[in-house]
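At position 194 of the sequence shown (counting the first as 1) the number is 194 in the UniProt record's numbering, and the numbers step up by one without a gap.
Glycine is no exception: its CB is placed at the ideal position from the N, C-alpha and C atoms.
The structure under discussion appears below in the form of structure tokens.
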Amino acid sequence: MNNILVVDDDPHILKALQITLKAHGYGVTTADNGEAALLSAAQHPVAVVVLDLGLPDIDGTEVIIRLREWSDVPILVLSARHGSTDKVEALDAGADDYITKPFGLEELLARLRAILRRTVEPADEEALVATSSFTLDLSGRKANRDGDDVRLTPTEWSILDVLVRNPQKLITQQQLLTEVWGPAYAKESNYLRVYMAQLRRKLEPEPGNPQHFITEPGMGYRFQP
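Here is the structure:
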């Protein structure tokens with residue numbers, strides 16, 4: 001059973017998600033503030049954290065930052081903040097996905113399934129990739145740039161896995177979205193723009209002039225070793 005930690009200060013949302021997730025076979029732990037969430041995540045390992053940003057004690061983005069100091073657990077943000085700045089800050093801090101309130105339960109369940117596919121399924125083969133700027137161990141999920149370890153989220157690893165296993169080949173936006181998020185997200189090209197910007201910032205020596213993750217305008221992306 002996959003255990004989910006749901007963090008929200010609205011007791012009605014906590015109760016509704018607890019009932020829904022349990023009905024679909026998930027184990028559920030809840031927390032109504034950021035400090036309780038961090039303590040719970042440390043004491044009871046979970047498969048995914050579903051996190052509201054507007055918490056009463058500390059901001060949800062701060063929870064993500066502190067959680068990422070010691071854990072790679074996937075984080076799905078569930079928030080009433082609709083601004084793109086809030087989304088980018090949460091994703092940059094280490095979140096894996098973002099849903100705005102109000103939301104549909106079917107969409108939430110689909111996002112959870114997509115996250116679990118990316119993190120639970122083992123790699124089918126080992127892959128070590130070395131470029132002039134960074135090295136990747138796909139099976140061990142380790143990245144190194146200029147001698148320093150680089151922390152990448154599960155979603156970033158999933159995107160890298162598709163790109164670097166197909167060097168110099170054009171991977172369309174639709175292919176990446178389908179393989180990483182699932183067929184329902186084949187048109188959500190804005191997802192890729194955010195994540196590719198993050199990967200370049202973390203791995204490229206000059207993110208504004210990328211050498212390895214090349215955009216083919218209107219089509220997709222290409223990995224150049």
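For the alpha helix (DSSP H) containing residue i, list its first residue and its last residue.
| i | result |
| --- | --- |
| L152 | Where L152 is concerned, there is no enclosing alpha helix (DSSP H), given that its DSSP letter is neither H nor E. |
| N190 | 189-203 |
| G60 | 60-68 |
| T178 | 173-180 |
If we call anything under 8 Å between Cβ atoms a contact, is residue i one with residue j?
| i | j | result |
| --- | --- | --- |
| A31 | I64 | no |
| L112 | L76 | yes |
| V73 | A37 | no |
| P210 | V129 | no |
| L160 | Q173 | no |
| S114 | K101 | First, the amino acid is wrong: residue 114 is Ala here, not Ser. Cβ distance not < 8 Å, so A114 and K101 don't count as in contact. |
| V50 | L17 | yes |
| E89 | D57 | no |
| E216 | L170 | yes |
| A110 | A184 | yes |
| T29 | H44 | yes |
| N3 | A41 | no |
| L55 | N33 | yes |
| T167 | F223 | The residue asked about is misnamed: residue 167 is Pro in this sequence, not Thr. Yes, they are a contact pair. |
Please report the distance separating the alpha-carbon of residue i from that of residue j.
| i | j | result |
| --- | --- | --- |
| Y221 | R118 | 20 Å |
| L108 | W181 | 12 Å |
| G25 | L116 | 13 Å |
| L177 | H212 | 19 Å |
| T20 | L138 | 34 Å |
| A127 | H12 | 45 Å |
| F134 | R200 | 11 Å |
| G83 | A93 | 16 Å |
| residue 226 | E179 | Nothing in the structure corresponds to residue 226, since the chain is present only between 1 and 225. |
| E125 | R151 | Confidence at E125 is low in this model, with a pLDDT of 49, below 50, so its placement is unreliable and the value that follows should be read with caution. Roughly 21 Å between the two C-alpha positions. |
| R165 | I99 | 29 Å |
| R66 | L53 | 14 Å |
| L105 | M196 | 28 Å |
| L39 | F103 | 27 Å |
| L14 | S132 | 47 Å |
| S158 | R141 | 10 Å |
At what residues does the beta strand (DSSP E) containing residue i begin and finish?
| i | result |
| --- | --- |
| T146 | As written in the sequence, residue 146 is Asp, which differs from the Thr given in the question. First-last for D146: undefined, no H or E at that position. |
| Y185 | Here Y185 belongs to no beta strand (DSSP E), and DSSP marks it neither H nor E. |
| G220 | 220-223 |
| L128 | 128-130 |
| E216 | 213-216 |
| L138 | Element bounds for L138: n/a, residue is neither H nor E. |
Would you check whether the ligand SAM has a heavy atom nearer than 7 Å to the C-beta of residue i?
| i | result |
| --- | --- |
| A90 | Looking for the ligand SAM in the displayed structure turns up nothing, as the structure carries no ligands at all. |
Of all the alpha helix (DSSP H) runs that stay within the bounds of the UniProt domain "Response regulatory" (3-116), which reach a length of 4 or more residues? 11-23, 34-43, 60-68, 84-93
Hey, is the region 199-207 in contact with the region 129-146, meaning 3+ C-beta pairs nearer than 8 Å? yes
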